[in-house]
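Numbering (the numbering used here), first residue to last: 111 to 800. Idealized CB from N, CA, C, for every residue including glycine. Scroll down for the structure; my scribbles are underneath it.
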């Protein structure tokens, strides 16, 4: 007799879900193909007067297997909706003109990047200019006469020889690729073109863009300071590549193209926005203390860089986005607070108070805290009109509107047709004391529709990446798929997670993966104590930082029936020398190079304890992943293989670190993991043949 198992990236094994799901009709389950039915709202932009919201309505195209983005409008009084730009390829980054009569947005036309302007009264639109490179971050001037944006300016490629001219029609090899930059490829972009991002301005009536910055290291993220100057972010240090997080805010005088630094400290200063009356600049940043994680504070300064004031020095959370209130007396900020993405008010005296606690929902695959908002710039009053993405445990992001404080009025119902009649997992919050030091660890449990606390259910521990990120009680297709097939799925925020204060996030500084393992095993123990799951049917998985902790866990314990480590770091030495964020790893996570502290790099590498692994472990990675490159996964796979540990290597063709970017990849990722788990589930009986 021999057992036959099939693991293919596009095919769900026949045994993957057998016996796990309830016996009910598939019509009420969140089955794999339902991923293609999902939609979500993103980047809601409210008009200056608050009358209209334009948002990106994102959906799954079954034919191209891509997430596509159309632009839709919402009348904030009546709630009526209609498409604005649809069926023309993905459109994004819509921004209102100051008078609210026009919008600009990014799209593509005939396969080329396009920056378009649309008149709201007539619906007419036109391309502002012809572009060979993709523009980014378009912003209007205060008078509405100009637009600024960023764009790559190519350099001449490095070369040491002039190749002979090939004969017409000859099929010669491609020319040599000569690399002389420290960062020469990046995840999601592949090998980077030679060049730097610079800032351009352009008439709102169209024409030829004017390049206004020429720095050797480039500039990004333009904002207007009046109509005659720009604020930009960049790093003009001589060895900028060696300090990857360093940045300053610069003023660019458009008449002379003079560039003047407004900030000077050691650490990043970025994302400037100008107050409505032009007298203050708010921005984010921090003093770089070479920690693995450092919180961003909100500062204000004068237009010349004077009078710097830290507004959030006493607020122990990082601020991730800001916008001015129309009266200029306070800012609205987005932050993570104890597992919940939250909007707060930050006044000019440094007082911080909560406004909205249901923002989120734009991370479709896993339950990361992710969302966005905008503020009506001319709606008036001390209570601003705020459009935001509303997150919840049973729906992806919707558009909501609030008037200053309190969870807002939901304006969209994008998934009632797809999810309204399904039996989705119920999300339960638990808090557990870590066996390491008694510290409270927050977690959420997705309970299958047929759940009962009888100690028989299989469990999946799903671990977030980062490691400095945060999960929350948000809809996630991957979690719902696991639950739909009968798994009790638990996900937690172990030490190092954001949203619980800077000291909690820094508990892993110079010690990652450290004691995250104790936190996570404490969560598993809590589910066993609740009689939620069977001790013989425990499974573990996670991606990126979660892949690290999965590989670390199977080297620490044999309690799991099977594991799936996804896009992990296995060897910190190779990561610190070949990943796209290699310099950040050595400078901030280790504060030494591998040859300076080889023992420390080895101590924290899952490869150092791979000899302990007995757990059957799947290793999965994208073939175009440059964040945790494929050779990381391959090292673990080979180490397991030579020790006769059951393992399989799953390579995802064309996938970057965002391994489930395409809908079919999300389905294949989850279903192959469940197929692997089913193979080692003692309750499952795979088919056998002679």
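*Relative to the alpha-carbon of residue 705, which residue among 722, 689, 682, 362 has its alpha-carbon at the smallest distance?*
682
*For residue 733, does the three-state DSSP call read helix, strand or coil?*
coil
*Using beta-carbon positions only, say whether residue 70 and residue 634 come within less than 7 angstroms of one another.*
The shown model of the chain, from 111 to 800, leaves out residue 70, and the question about it has no answer.
*asked:* If the criterion is Cβ atoms closer than 7 angstroms, does the pair residue 656 and residue 573 meet it?
replied: yes
*Out of 530, 670, 246, state which residue places its alpha-carbon closest to the alpha-carbon of residue 650.*
670
*Anticipated Cβ contact below 8 angstroms, residue 637 with residue 600, distance rounded*: 6 angstroms
*Leaving aside the five residues before and after residue 618 along the sequence, list all residues of the same chain whose C-beta is less than 7 angstroms from its C-beta, in chain order.*
402, 577, 605, 606, 624, 626
*Since residue 685 and residue 742 are thought to touch, with beta carbons under 8 angstroms apart, how far apart are those beta carbons, to the nearest angstrom?*
7 angstroms
*Return the Cβ separation of residue 569 and residue 476 in integer angstroms, given the expectation that the two are a contact with Cβ distance under 8 angstroms.*
With a Cβ gap of about 17 angstroms, residue 569 and residue 476 do not count as contacting.
*Out of 767, 255, 473, 571, which has the shortest C-alpha to C-alpha gap to residue 337?*
255
*Taking residue 452 as part of the beta strand (DSSP E), name the residues at either end of that continuous run.*
450-457
_Given this structure, state the Cα-to-Cα distance separating residue 218 from residue 183, to the nearest angstrom._
20 angstroms
*For residue 117, is the classification buried or exposed, using 16 other Cβ atoms within 10 angstroms of its Cβ as the cut-off for buried?*
Caution applies to residue 117, whose pLDDT of 35 falls short of 50 and renders its modelled position unreliable; the value that the coordinates give is listed next. With 16 or more Cβ atoms within 10 Å of its Cβ, residue 117 is classed as buried.
*Under the three-state DSSP convention, the category residue 719 falls into*: helix
*Roughly how many whole angstroms lie between the Cα atoms of residue 240 and residue 440?*
39 angstroms
*Bridge partners of residue 330, per DSSP?*
343
*When burial is assigned at 16 or more other CB atoms within 10 Å of the CB, is residue 499 buried or exposed?*
buried
*Whole-angstrom distance between residue 580 and residue 133, CA atom to CA atom*: With a pLDDT of only 44 at residue 133, under 50, the local geometry of the prediction cannot be trusted, and no value is derived from it.
*For residue 799, count neighbouring C-beta atoms within 10 Å of its own C-beta (all shown protein chains included) and say buried if the count is 16 or more, exposed if not.*
At residue 799 the pLDDT is 43, less than 50, meaning the model places this residue with poor confidence and gives no usable figure here.
*Identity of the residue in 735, 333, 675 nearest residue 750 by Cα*: 675
*If you draw a straight line from the C-alpha of residue 694 to the C-alpha of residue 727, how long is it?*
29 angstroms
*What are the uninterrupted segments assigned as beta strand (DSSP E) that are 3 or more residues long and contained completely in the region 561-586, given in chain order?*
567-573
*Alpha carbon to alpha carbon, how far is residue 787 from residue 175?*
26 angstroms
*Given that a residue counts as buried once 16 or more other Cβ atoms are within 10 Å of its Cβ, and exposed if not, what is residue 459?*
exposed
*So, is residue 233 buried or exposed, given that buried needs 16 or more other C-beta atoms within 10 angstroms?*
exposed
*Expressed to the nearest angstrom, what Euclidean distance is found between the alpha-carbon atoms of residue 760 and residue 221?*
32 angstroms
*From this set, 632, 532, 321, which residue's C-alpha is nearest residue 590's C-alpha?*
532
*Is residue 645 buried or exposed, if buried means 16 or more other CB atoms sit within 10 Å of its CB?*
exposed
_Whole runs of the beta strand (DSSP E) within the region 614-648, excluding any shorter than 3 residues_ = none
*Report yes or no: do three or more beta-carbon pairs, one from the region 161-171 and one from the region 142-150, lie closer than 8 angstroms?*
yes
*Exposure of residue 614, with buried meaning 16 or more beta-carbon neighbours within 10 Å*: buried
*Which runs of the beta strand (DSSP E), 3 residues or longer, sit entirely within the region 240-266?*
246-250, 256-264
*asked:* Using only CA atoms, which one of 249, 468, 258 lies nearest to residue 318?
replied: 258
*Skipping 5 residues on each side, what residues in its chain have a beta carbon closer than 6 angstroms to that of residue 722?*
665
*For residue 524, three-class secondary structure by DSSP*: coil
*Buried versus exposed call for residue 261 [16 or more other C-beta atoms within 10 Å across all chains shown]*: buried
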